[in-house]
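I have placed the structure first, in the form of structure tokens, so that the comments after it can refer back to it.
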Amino acid sequence: MPPTSASPTAPTTRVSEVLAGAVKALGGAERAGQVRMAEAVSRALADEEHLLVQAGTGTGKSLAYLVPALLHPDRVVVATATLALQHQLVERDLPRLVEAVAKDESARDVDTSYAVLKGRSNYACLHRVREGVPDDQGALVQMPEGSMGQKVLELRAWAEEQAEESGSGERDNAPRHTDREWRQVSVSHRECLGASKCPFGQECFAELAKEKAQRSHLVITNHSLLAIDAIEGVPMIPEYDAVVIDEAHELTARVTQAATDELWAAEVERAARRSQRHVEGSQADDLADAAEALRSAMTDARPGRFERIPQELGDALVLVRDAARACLSAYPKGDDKSDKSADAGLTQAKGSVQDVFATAERMAADLDSDVLWMTEGSDRMPPRLCVAPLQVWGPMRDKLLREKSVVFTSATLMLGGDFGSVATSVGLKPSERVVDESADAQRTDTVLPWRGIDVGSPFDYGQQGILYVARHLPPPGRDGLVAAQLDEIVELIDAADGRALGLFSSRRAAETAAEAVRERLPHLTTLAQGDAQLPELAKQFVEDPHTVLFGTLSLWQGLDVPGDTCQLVLIDRIPFPRPDDPLMSARQKAADQAGGNGFMQVAATHAALLMAQGAGRLIRTTTDRGVVAVLDPRLATARYGGFLKASLPPMWTTTDPGIVRKALARLSASAKA
Numbered sequence: 013m014p015p016t017s018a019s020p021t022a023p024t025t026r027v028s029e030v031l032a033g034a035v036k037a038l039g040g041a042e043r044a045g046q047v048r049m050a051e052a053v054s055r056a057l058a059d060e061e062h063l064l065v066q067a068g069t070g071t072g073k074s075l076a077y078l079v080p081a082l083l084h085p086d087r088v089v090v091a092t093a094t095l096a097l098q099h100q101l102v103e104r105d106l107p108r109l110v111e112a113v114a115k116d117e118s119a120r121d122v123d124t125s126y127a128v129l130k131g132r133s134n135y136a137c138l139h140r141v142r143e144g145v146p147d148d149q150g151a152l153v154q155m156p157e158g159s160m161g162q163k164v165l166e167l168r169a170w171a172e173e174q175a176e177e178s179g180s181g182e183r184d185n186a187p188r189h190t191d192r193e194w195r196q197v198s199v200s201h202r203e204c205l206g207a208s209k210c211p212f213g214q215e216c217f218a219e220l221a222k223e224k225a226q227r228s229h230l231v232i233t234n235h236s237l238l239a240i241d242a243i244e245g246v247p248m249i250p251e252y253d254a255v256v257i258d259e260a261h262e263l264t265a266r267v268t269q270a271a272t273d274e275l276w277a278a279e280v281e282r283a284a285r286r287s288q289r290h291v292e293g294s295q296a297d298d299l300a301d302a303a304e305a306l307r308s309a310m311t312d313a314r315p316g317r318f319e320r321i322p323q324e325l326g327d328a329l330v331l332v333r334d335a336a337r338a339c340l341s342a343y344p345k346g347d348d349k350s351d352k353s354a355d356a357g358l359t360q361a362k363g364s365v366q367d368v369f370a371t372a373e374r375m376a377a378d379l380d381s382d383v384l385w386m387t388e389g390s391d392r393m394p395p396r397l398c399v400a401p402l403q404v405w406g407p408m409r410d411k412l413l414r415e416k417s418v419v420f421t422s423a424t425l426m427l428g429g430d431f432g433s434v435a436t437s438v439g440l441k442p443s444e445r446v447v448d449e450s451a452d453a454q455r456t457d458t459v460l461p462w463r464g465i466d467v468g469s470p471f472d473y474g475q476q477g478i479l480y481v482a483r484h485l486p487p488p489g490r491d492g493l494v495a496a497q498l499d500e501i502v503e504l505i506d507a508a509d510g511r512a513l514g515l516f517s518s519r520r521a522a523e524t525a526a527e528a529v530r531e532r533l534p535h536l537t538t539l540a541q542g543d544a545q546l547p548e549l550a551k552q553f554v555e556d557p558h559t560v561l562f563g564t565l566s567l568w569q570g571l572d573v574p575g576d577t578c579q580l581v582l583i584d585r586i587p588f589p590r591p592d593d594p595l596m597s598a599r600q601k602a603a604d605q606a607g608g609n610g611f612m613q614v615a616a617t618h619a620a621l622l623m624a625q626g627a628g629r630l631i632r633t634t635t636d637r638g639v640v641a642v643l644d645p646r647l648a649t650a651r652y653g654g655f656l657k658a659s660l661p662p663m664w665t666t667t668d669p670g671i672v673r674k675a676l677a678r679l680s681a682s683a684k685a
């Protein structure tokens with residue numbers, strides 16, 4: 013059972029007092045939006061309601077939900093989308109908050125214990141570190157060949173140090189490595205032997221993390237693990253009473269990602285090879301034959317989304333499904349307790365077949381609730397079959413929103429100026445909203461009622477930022493950036509003397525723009541995503557103000573560069589999903605068929621969210637100044653432009669290029685001074 017504190021559910025007055033004490037102890041200043049948010053979170057947890065709370069950058073929203081979560085009598089789970097925020101909570105916010113609460117006489121009875129919980133593959137596996145990794149035949153191999161071997165030795169040494177020093181064994185703390193290298197020292201949940209069977213179960217990093225979570229009042233995890241626990245019904249998190257979902261604008265994408273499966277012929281072949289060591293009959297060979305049938309069917313199929321599975325591909329998936337099922341049945345039923353190495357090889361080989369079976373079964377079912385597509389192959393990556401849920405709001409509504417209070421928070425939850433789009437995407441209905449903040453909610457027998465509040469921002473966007481829409485430019489086409497757009501980019505960057513972040517809809521557009529700026533403004537340093545790792549690019553961007561950084565999606569959402577470093581954010585075009593995006597196009601079509609407006613519900617909402625995130629890169633502190641320049645005239649001319657603009661921070665808006673160039677020149681001169 014979750015731990016409980018001695019105090020009753022915290023009233024908002026107590027939350028405000030503890031928050032004020034924590035802010036003072038941390039050397040901060042009280043913010044009205046932070047106080048209002050903390051009181052709203054406290055009320056939602058106490059009254060068993062859902063809450064959507066938009067809190068602008070700089071509000072201090074982490075403390076605003078951590079304080080009421082700590083004061084809540086039962087366990088609360090905090091789920092984030094990014095590792096960066098998870099690190100901030102665990103390494104900075106929570107330790108400082110706990111220290112401040114410990115000094116508060118009125119909060120001595122508060123349980124301030126907390127733990128971090130991640131998926132099993134995020135922890136080093138001591139069995140794999142010490143015994144080796146199964147090869148394609150299922151035998152344990154101590155060391156991979158080639159250059160990877162040295163890195164694996166380094167990771168193993170690190171894992172042993174972690175075990176000796178009672179460290180966490182988390183991947184984030186490991187020496188620098190690639191995904192492939194990390195797989196040599198970690199296991200998935202299917203490959204895991206289980207604590208009772210593993211000779212190193214008592215030391216297991218993942219098991220120790222689960223045990224700590226069982227003893228803790230707050231559990232910090234990620235969206236994906238929350239989805240697996242709550243929606244897929246796989247118990248991953250100790251029993252809890254309420255959830256706070258930070259970075260909630262990313263929730264549906266992360267839940268979709270967690271529920272997406274892939275299958276390709278080489279994976280089926282590998283599962284067959286690993287089974288040959290453990291299966292005495294012909295079942296492993298039959299699985300290998302099924303893999304060849306799948307490869308042949310995929311070769312004949314066209315990449316893209318399948319409205320219905322082609323006959324040959326459907327037959328191949330049934331063949332793989334049935335062969336995998338037979339192969340699983342042929343595995344020995346007992347465990348040889350005397351040979352732990354054989355046990356590991358068998359368990360992990362069988363796990364790979366179970367993965368193949370589950371995915372093939374799902375794909376072969378060809379359900380209307382799933383979307384199936386095939387990717388295009390490349391020199392480095394073979395074609396893959398992918399299956400994802402058509403929508404995730406239904407499972408979230410049924411599995412997450414019925415009994416537990418859920419707080420959704422982000423700087424971008426009001427798309428088009430309203431909570432409706434985001435609320436609907438997570439499974440909440442407009443009819444269940446309590447509009448009057450002081451009103452008591454009307455209970456139903458389905459899902460808890462919800463409220464939505466915007467606590468504002470400490471920034472004065474009207475004074476600090478300009479939204480410039482280049483209305484005079486031609487609408488963007490399929491052929492990438494045209495001369496007029498490149499001229500505009502160069503002139504804006506020249507006026508700003510660098511200090512520009514370019515957010516582009518494609519890698520090709522980013523590289524084209526970078527090439528033009530390098531050629532025409534050689535005195536500036538121009539960086540493009542892919543020139544180096546993102547942390548290295550960000551570091552160089554921050555250190556040299558006369559730098560331009562161009563990139564795609566990861567820059568739209570993951571870069572925090574306050575100060576004079578960034579005074580111009582360029583957005584090349586409204587980031588609608590690609591017309592051939594299999595999942596987005598399927599969702600848009602389904603919305604149309606249900607009588608809605610698929611373009612607005614899916615494409616425009618997707619674009620609004622990304623634009624809000626991109627524009628949010630500009631103003632990060634109360635002293636930041638700058639321009640968000642959108643080079644897509646449709647923001648000013650199209651009917652949906654109003655919806656998109658209402659999703660952005662309320663900056664002063666203009667379509668006059670002369671005004672913007674002068675403003676950038678003044679900002680540049682001020683920064684130099």
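Using this note's numbering, the first residue of the sequence shown is number 13, and each one after it goes up by one. Ideal Cβ positions, reconstructed from N, Cα and C, are used throughout, including at glycine. In this text, all values refer to a predicted model and were calculated from it rather than measured experimentally.
- Out of Gly181, Ala423, Arg26, Leu331, the CA that lies nearest to the CA of alanine 303 is found in Leu331.
- Between histidine 189 and leucine 205, the gap from beta carbon to beta carbon reaches 8 Å or more.
- Beta-bridge analysis with DSSP links threonine 537 to Thr559.
- Assigned with DSSP and collapsed to three states, phenylalanine 217 falls in helix.
- In the three-state DSSP reduction, glycine 406 falls in the helix class (H, G or I).
- DSSP, read as helix, strand or coil, puts tryptophan 276 in coil.
- Counting along the chain, the unbroken beta strand (DSSP E) around glutamine 66 starts and ends at 62 to 66.
- DSSP places valine 199 in the coil class of the three-state scheme, outside both helix and strand.
- Here the alpha carbons of threonine 537 and lysine 36 stand approximately 41 Å from one another.
- Fully contained in the region 564 to 634 are the following beta strand (DSSP E) runs of length 3 or more, in chain order: 580 to 583.
- By the C-beta criterion, the region 232 to 245 is judged to be in contact with the region 84 to 94, since at least 3 inter-stretch pairs fall below 8 Å.
- Beyond the five residues adjoining it in sequence on each side, glutamine 196 comes within less than 8 Å, by CB distance, of Arg140, Val145, Pro156, Met160, Val164, Leu167 in the same chain, given in chain order.
- Between the region 455 to 475 and the region 412 to 423 there are three or more inter-stretch CB-CB distances shorter than 8 Å, so the stretches are counted as touching.
- Burial is judged here by how many other beta carbons sit within 10 angstroms of a residue's own beta carbon; lysine 674 has fewer than 16 and is exposed.
- Going by DSSP, leucine 427 is part of no alpha helix (DSSP H) at all; its letter is neither H nor E.
- Scanning its chain for C-beta atoms nearer than 7 Å, with the 5 sequence neighbours on each side dropped, one finds around alanine 522 the residues Gly514, Phe516, Ala540, Gln541, Phe562, Gly563, Thr564, in chain order.
- Taking proline 669 as reference, the option from Pro662, Ala641, Phe655 with the minimal CA-CA separation is Ala641.
- Out of Ser74, Ile478, Ser518, the CA that lies nearest to the CA of alanine 96 is found in Ser74.
- Valine 529 is a Cβ neighbour of isoleucine 505, given a cutoff of 8 Å.
- For the pair of segments examined, the region 253 to 273 was found not to touch the region 288 to 299: the number of CB pairs separated by less than 8 Å stays below three.
- With contacts defined as CB atoms closer than 8 Å, glutamine 600 and phenylalanine 611 qualify as a contacting pair.
- Using a 10 angstroms sphere on the CB of lysine 551, the tally of other CB atoms stays under 16, which defines it as exposed.
- Rounded to whole angstroms, glycine 492 and arginine 520 show a C-alpha spacing of 8 Å.
- Around the Cβ of methionine 393, a 10 Å sphere holds fewer than 16 other Cβ atoms; the residue is exposed.
- Here methionine 375 is not near valine 404, since their CB atoms are 8 Å or more apart.
- If you draw a 10 Å sphere on the C-beta of threonine 25, you find fewer than 16 other C-beta atoms in it, and that means exposed.
- Taking 8 Å as the cut-off, the beta carbon of cysteine 578 is found no closer than this to the beta carbon of arginine 637.
- For methionine 386, the secondary structure class from DSSP, reduced to helix, strand or coil, is strand.
- Per DSSP, the beta bridge partners of valine 481 are Val642.
- Straight across, the Cα-Cα distance linking proline 107 with glycine 40 is about 15 Å.
- If you draw a straight line from the Cα of aspartate 116 to the Cα of valine 27, it is about 12 Å long.
- Taken atom to atom, the span from the alpha-carbon of serine 597 to that of lysine 441 is near 23 Å.
- At a Cβ-Cβ threshold of 8 Å, arginine 132 and histidine 201 count as neighbours.
- The beta-carbon separation of threonine 371 and aspartate 273, rounded to 4 Å, stays under the 8 Å limit for a contact.
- Residues of the same chain with a CB within less than 6 Å of the CB of alanine 309, apart from the 5 flanking positions on each side, are Glu324, Leu325, Ala328 in chain order.
- Burial is judged here by how many other beta carbons sit within 10 angstroms of a residue's own beta carbon; serine 659 has at least 16 and is buried.
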